[in-house]
Amino acid sequence: MNETTQPPYLRTNFYCRDRSSVPVVRKFTRKALIEWGCEERAYDMLLCVTELATNALRHGVPPGRGFRVKISLERMETALRIELHDSGDGEVRMADELPGVEEEGGRGLLLVSALADKWGVAERNPGKIVWCEFTLG
Numbered sequence: 001m002n003e004t005t006q007p008p009y010l011r012t013n014f015y016c017r018d019r020s021s022v023p024v025v026r027k028f029t030r031k032a033l034i035e036w037g038c039e040e041r042a043y044d045m046l047l048c049v050t051e052l053a054t055n056a057l058r059h060g061v062p063p064g065r066g067f068r069v070k071i072s073l074e075r076m077e078t079a080l081r082i083e084l085h086d087s088g089d090g091e092v093r094m095a096d097e098l099p100g101v102e103e104e105g106g107r108g109l110l111l112v113s114a115l116a117d118k119w120g121v122a123e124r125n126p127g128k129i130v131w132c133e134f135t136l137g
């Protein structure tokens, strides 16, 4: 795990393709939120980073590769942005409707869409960036 810190408000870290990475991503994000005093929507932000990391592992990261998490406080400290960079070429699609009660997946991007103020996907070579933003204060 390589952690980079750049002033004033940027954190980035690389994670292996392993299920145990998800709680570590959440802890990394929580630490940044506390240090920056961005705790007002921390629960929503932590749930979104958990869903995005899980999606990256399940759908975006090829075997033997990893993913990068980037968290930044932007626009004069009025917005927090979370990005997950992966090298997979999988298409990012939000479910058209809520999955059945018995289904184990299909809710991640619905949750991100409901909790974040904005979210989207950007291309990178190779792979993609799935991001979400939260307005602060």
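For the sequence shown, full-length UniProt numbering assigns the number 137 to the last residue and increments by one with no breaks.
Even for Gly, the Cβ is constructed at its ideal location relative to N, Cα and C.
Predicted model, so just to flag it, every value in this text is computed and none were measured.
- Measuring C-alpha to C-alpha distances from T135 to each of V121, E123, L115 identifies L115 as the nearest.
- In the DSSP assignment, R68 falls outside any alpha helix (DSSP H) and within the unbroken beta strand (DSSP E) covering 66 to 74.
- Per DSSP, the continuous beta strand (DSSP E) segment holding N13 begins and ends at 10 to 16.
- By the Cβ criterion, the stretch 109 to 125 is not in contact with the stretch 58 to 77, since fewer than three pairs of Cβ atoms, one from each stretch, lie closer than 8 Å.
- Judged by DSSP in its simplified three-state form, G100 adopts coil rather than helix or strand.
- If you compare the alpha carbons of C48, K31, E35 with that of G120, the shortest gap goes to C48.
- G120 carries a strand assignment under DSSP once its states are collapsed to helix, strand and coil.
- DSSP places E91 in no beta strand (DSSP E); its state is neither H nor E.
- The Cβ-Cβ distance between V22 and A53 falls below 7 Å.
- Residues R11, I71 of the same chain have their beta carbon placed closer than 6 Å to that of A32, with the five preceding and five following residues left out of the count.
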